[in-house]
Every structure is written in C-alpha cells, then in structure tokens.
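Asker:
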Amino acid sequence: MLETPHVAVGVAIATKFPNPWIAIPLAFASHFVLDRVPHWNPHLYTETKKTGKPSKKSTTIALIDIGMALILGSAFAYAALPDRGMALLILACSLFSVLSDAVKYPYYYLKIRSKFMVAWVNFERSLQVDTKGVFLGIFTQVVIIIASVWWALN
Ligand SMILES: [Zn+2]
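The sequence shown begins at 2 in my numbering and counts up one residue at a time.
Here it is in structure tokens:
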C-alpha cells in the first residue's frame, strides 16, 4: 500500500488513543492490516528484479506519495499545537505506521541485500493484496485516507 493511507490511519490512531504505549504499537500493527486491503502499488520489487533498480516513474510516484504522507502527518501535528505531547504522538504514529515499508528502501535504493533485508522484503511482499486494476487499487486507498481523516477530525 502507498504511504499516505498508512500515515492517515496512524494519525487517526494518535488522535483516538492519546496513550503512546497504546497508540504507537497500534500504529505499527495497522500497517500489516492495511497491506491486506486490496490496493495498487508501484512495482518496485518486480522492476528491481528485472533491471536492478526501481524505474524512474515508480520512484517519482513513491516520492510524491512520501511527500503527501509527510505533509499530512505534519499538518495534523501542527494543528495539534500547543499540545506538544499530541503533536509528537502524531509524528511518532506517522513514522511507526510506515516503518515496515521504510525498512525496505535501503534494499531498493542502496542495494543492501543483508539476510534481514531480503527476509523483510519477502515478508512484506507476502502480505500485499493487489487489485487487478489500477483504478480500484487507488480507489480503496483514497477511501482509507478520507475515512481516517474524518475519524481523526471527529
Ligand atoms: Zn507495507
């Protein structure tokens, strides 16, 4: 799944579970649940297998997605001020919601192929549920973003 829906859910968790001992593990765990929701992803793995690295197009999509995720998490953290505890919790939950994917970037972009890295990339891949079409695969993620933002605001 893209990072923006993961962060949207992470933000919602932070706002609904103000105890960091609950919110942070929940945000981390939410990643694995969301990857089971049918979705579309750029094909970083297939491209890396084929040509040694992700394509320019996929990298651009990944960067736009990461940028949107950063803006979303930061905007909610900023809006939580002057409650610095909540602002920090939102940032922490945003980070933990995407940690499972962030761990994989060195595999793709720094060509790190340690045993742990390969095992993690394979584990993550085994979780993914892909949609047949791109449209449906984006649609499910837009719904998750909208629902999470609504949940966080209400
Ligand atoms: Zn993932």
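Glycine included, every Cβ here is placed at the ideal spot set by N, Cα and C.
Fair warning: this is a prediction, and the values are worked out from it, not measured in the lab.
For the pair the segment 84 to 100 and the segment 3 to 19, tell me if three or more CB-CB distances fall below 8 Å.
Answerer: Counting Cβ pairs under 8 Å, three or more are found: they touch.
Asker: Please find out if some non-hydrogen atom of ligand 2 comes closer than 7 Å to the beta-carbon of D66.
Answerer: Absence of ligand 2 is noted for the structure shown, with ligand 1 being the only ligands found.
Asker: With 16 other CB atoms within 10 Å as the buried threshold, where does V135 fall?
Answerer: By the neighbour-count rule (16 or more Cβ atoms within 10 Å), V135 is not buried but exposed.
Asker: Along the chain, where does the alpha helix (DSSP H) containing P6 start, and where does it finish?
Answerer: Here the alpha helix (DSSP H) through P6 covers 4 to 17.
Asker: Exposed or buried, which one is D102 when buried takes at least 16 other CB atoms within 10 Å?
Answerer: Under this definition D102 is a buried residue.
Asker: Would you mind sorting A24 into buried or exposed? The rule is 16 or more other CB atoms within 10 Å of its CB.
Answerer: Classification for A24: buried.
Asker: Identify the continuous alpha helix (DSSP H) that holds S149 and give its terminal residues.
Answerer: Run containing S149: 135 to 154, per the alpha helix (DSSP H) assignment.
Asker: Within 10 angstroms of the Cβ of T5, are there 16 or more other Cβ atoms? Answer buried if so, exposed if not.
Answerer: Classification of T5: buried, given that the 10 Å Cβ count is 16 or more.
Asker: Please classify L35: is it buried, with 16 or more other beta-carbons within 10 angstroms of its beta-carbon, or exposed?
Answerer: L35 should be labelled buried.
Asker: Could you give the residue range of the alpha helix (DSSP H) that holds H32?
Answerer: Counting along the chain, the alpha helix (DSSP H) containing H32 begins and ends at 21 to 35.
Asker: Check for me: the alpha helix (DSSP H) holding L111 runs from which residue to which?
Answerer: L111 -> no alpha helix (DSSP H), and no H or E assigned at all.
Asker: Would you tell me roughly how many angstroms separate the C-alpha atoms of I146 and L73, rounded to the nearest one?
Answerer: If I take the Cα positions, the gap works out to 10 Å.
Asker: Can you tell me where the alpha helix (DSSP H) with T52 in it begins and where it stops?
Answerer: T52 -> alpha helix (DSSP H) spans 45 to 52.
Asker: Between V99 and A63, is the Cβ-Cβ spacing less than 8 Å?
Answerer: Contact: no.
Asker: Check for me: the alpha helix (DSSP H) holding T61 runs from which residue to which?
Answerer: Looking at the DSSP string, the run of the alpha helix (DSSP H) that includes T61 is 57 to 81.
Asker: Report buried or exposed for Q129, applying the criterion of at least 16 other Cβ atoms within 10 angstroms of its Cβ.
Answerer: With fewer than 16 other Cβ atoms within 10 Å, it is exposed.
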